[in-house]
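In what follows, a single structure is set out as structure tokens and then discussed.
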Amino acid sequence: MVGIKSFGAYVPWLRLDRAAIARAWGIPGAPGAVAVANFDEDSLTMAWEAASDCLAGLDGLEPGGLFFASTTPPYAEKSAATLIATVLDLPGDALTSDYAVSLRASTSALSAALDAVKAGRADDILVTAADTRASDPMTAWEQTLGDGAGAALVGSGDGVIAEHLGSYSAPDEIYMTWRRQSRDRALKEFNARMAQTEGYGKSMVEGIRSAMGKLGVKAEDIARAVYSAPDFRSHGAVAKALGFDPATQVQDALFAFVGGTGTAQPLLMLAGALESGLKAGDLVLLAHYGDGVDVSFFRVTEAADKLPPRRGLRGYLSSRTPLQSYPVFLRYREALEMRRPEYSSSTVILWRERRELYALYGSRCRACGLVRFPPQIVCSRCRTRGEGEEVRLARRGRLFNFINDRLFESMESPTTLCLVDLEGGGRVFLHMTDRDPEAVELDMEVELTFRKLFEGEDFYTYFWKCRPVREGGDGG
Numbered sequence: 229m230v231g232i233k234s235f236g237a238y239v240p241w242l243r244l245d246r247a248a249i250a251r252a253w254g255i256p257g258a259p260g261a262v263a264v265a266n267f268d269e270d271s272l273t274m275a276w277e278a279a280s281d282c283l284a285g286l287d288g289l290e291p292g293g294l295f296f297a298s299t300t301p302p303y304a305e306k307s308a309a310t311l312i313a314t315v316l317d318l319p320g321d322a323l324t325s326d327y328a329v330s331l332r333a334s335t336s337a338l339s340a341a342l343d344a345v346k347a348g349r350a351d352d353i354l355v356t357a358a359d360t361r362a363s364d365p366m367t368a369w370e371q372t373l374g375d376g377a378g379a380a381l382v383g384s385g386d387g388v389i390a391e392h393l394g395s396y397s398a399p400d401e402i403y404m405t406w407r408r409q410s411r412d413r414a415l416k417e418f419n420a421r422m423a424q425t426e427g428y429g430k431s432m433v434e435g436i437r438s439a440m441g442k443l444g445v446k447a448e449d450i451a452r453a454v455y456s457a458p459d460f461r462s463h464g465a466v467a468k469a470l471g472f473d474p475a476t477q478v479q480d481a482l483f484a485f486v487g488g489t490g491t492a493q494p495l496l497m498l499a500g501a502l503e504s505g506l507k508a509g510d511l512v513l514l515a516h517y518g519d520g521v522d523v524s525f526f527r528v529t530e531a532a533d534k535l536p537p538r539r540g541l542r543g544y545l546s547s548r549t550p551l552q553s554y555p556v557f558l559r560y561r562e563a564l565e566m567r568r569p570e571y572s573s574s575t576v577i578l579w580r581e582r583r584e585l586y587a588l589y590g591s592r593c594r595a596c597g598l599v600r601f602p603p604q605i606v607c608s609r610c611r612t613r614g615e616g617e618e619v620r621l622a623r624r625g626r627l628f629n630f631i632n633d634r635l636f637e638s639m640e641s642p643t644t645l646c647l648v649d650l651e652g653g654g655r656v657f658l659h660m661t662d663r664d665p666e667a668v669e670l671d672m673e674v675e676l677t678f679r680k681l682f683e684g685e686d687f688y689t690y691f692w693k694c695r696p697v698r699e700g701g702d703g704g
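Just so we're aligned, residue 229 is where the sequence shown starts under the working numbering, counting upward by one.
See below:
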């Protein structure tokens, strides 16, 4: 039996009310809000968040592969999957691959993972997808697009919580949305009505019908229909055309308080479906559009009730704060021309110390037990030399000391600089993110998160930061 063994989700802490966008331009606004990635987040860091959520509670499980999907990867030419795999401390022979360009990158990666597991290429493959798509100001897309990430662990055996029954795909050549390589920051769209009726609407309905016919499935057989959409209205139109009951069968597309998350949307919605109390035997439809349609069917198993708790979609949705203002949103989106601090970094150092900087390994003195980061040859407590053993540091701790630095040049002032005592030992110096600087307190519980530290020397430098524990779930 091959299928999904676990799921994960991530929604940024920041939310921008659509009313704030409307007020800025004096245009009609829709209700609700969109999720906004913080200035130190991108598709890579959000994909790591969802992947971590997916692995929560699965102690000892080491996926044999990681597939990353995004239309907004940080690099046009450099693998993000390899960095995420390194941060997660996956085995050195893990299968990694990046899927991009099409919104269907996530479902393409999911299909490839299912095929690879069936072929015996790997026992478990982690699929993670994220997007931070930009739009031009004062457009409908600005009130539609949101940021987020989703993940699914594909594997075989008794731990499968949703068995894969079959898939169907069909291409659809049409200019619905696009961006030109190195030319366009924001989405382009030619004819919204034609693209959504002749493109998304027609292709999604025909694709799902064809898949249902191929597997002999009727609309009433489906317990949960999980299918993406470019907007709320299009999502409802598909349900009507296929005869799905919106109240009992159709999974929420998350437009109200997240927005359209691109490649991440089907995996985020799938996470919402799998944490909603589906019973063993329930049939789940998963469909996604992007210049064509991918459709898959899964059957929930009894193992779903045994999956360890995680923060999940529900937890991240309940943990949020309003963004300060619309201009701050534009600044985070890099839509404003602003002078930015100049930083320097070293690709050599990042390569040489990648195990410490990315997987966060420190050293523990065999003589006295002191844990240090970065790793030390000579113990600073007992002065023993050469007795340090490698140890992976915990991802939670308590705030030993901090300062809100208003002189440090940053996109977010003040910068909260922290000393954190980690569970199991080790004291680390970190920036704090996703926080209210006035609410930071000594001895508060914090969790570590992987973020973009700065851009310098023509590449991005990533490292760990801390944040107050996001309420709403365990979080692993």
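Ideal placement from N, C-alpha and C gives every residue a C-beta, glycine not left out. Since the structure is predicted, the reported quantities are computational estimates derived from the model, not experimental observations.
Can you name the start and end residues of the alpha helix (DSSP H) that K430 belongs to?
430–443
Please give the ranges of any alpha helix (DSSP H) in the region 567–653, keeping only runs that are unbroken, at least 4 residues long and fully inside the region.
575–580, 582–585
Report, in whole angstroms, the separation of the C-beta atoms of L545 and V264, which I expect to be a contact under 8 Å.
At roughly 14 Å, the Cβ-Cβ gap does not stay under 8 Å, so L545 and V264 are not in contact.
Please report the straight-line C-alpha distance between G684 and A350, rounded to a whole angstrom.
37 Å
Under the DSSP definition of a beta bridge, which residues are partnered with A261?
D245
Looking at the secondary structure, which residues open and close the beta strand (DSSP E) in which Y688 lies?
687–696
CA-CA distance, A475 and E434?
22 Å
Select from E401, T661, R538 the residue whose C-alpha is nearest the C-alpha of G638.
Gly is not the amino acid found at residue 638; the sequence shown has Ser there. The candidate whose alpha carbon is nearest that of S638 is T661.
Counting along the chain, where does the alpha helix (DSSP H) carrying M274 start and finish?
271–282
Flag this pair as yes or no: are the beta carbons of D400 and G293 separated by less than 8 Å?
no
Whole angstroms is fine: what's the gap from L658's alpha carbon to L513's?
43 Å
Can you tell me where the beta strand (DSSP E) with G684 in it begins and where it stops?
673–684
The beta strand (DSSP E) that contains I353, what's its start and end?
352–359
How long is the line joining the alpha carbons of G703 and V556, rounded to whole angstroms?
Model confidence at G703 stands at a pLDDT of 49, short of 50, so the residue's coordinates are unreliable and nothing is read from them.
Based on the DSSP secondary-structure assignment, which residues constitute the bridge partners of M660?
T644, C694
Contacts around P319, its chain only, beta-carbon distance under 6 Å, and the 5 residues preceding and following it disregarded:
E290
Going straight from the alpha carbon of R567 to that of R559, what length do you get?
11 Å
If R247 sits next to P256, beta carbons under 8 Å apart, how far is it from one beta carbon to the other, in whole angstroms?
Here the sequence assigns Ala to residue 247, which means Arg is not the residue at that position. Their Cβ separation, rounded to whole angstroms, is 10 Å, which puts A247 and P256 out of contact at 8 Å.
Give the range of the alpha helix (DSSP H) segment to which P494 is assigned.
493–502
Three-state secondary structure assigned by DSSP to V382:
strand
Kindly list the residues whose CB is nearer than 7 Å to the CB of H463, restricted to its own chain and excluding five residues on each side of it in sequence; keep chain order.
A457, A481
Bridge-paired residues (DSSP) for L520
First, the amino acid is wrong: residue 520 is Gly here, not Leu. Answer is P399, bridged to G520.
Across the region 440–456 and the region 413–424, are there enough close Cβ pairs to call them in contact, namely three or more that are closer than 8 Å?
no
Do A358 and D281 have their C-beta atoms within less than 8 Å of each other?
no
Beta-carbon contacts of L564 that lie in its chain and below 7 Å, excluding the five residues immediately before and after
L558
Local conformation of G703 per DSSP, three classes:
Low local confidence applies: a pLDDT of 49 at G703 is under 50, so the model's placement there is unreliable, and no value is given.
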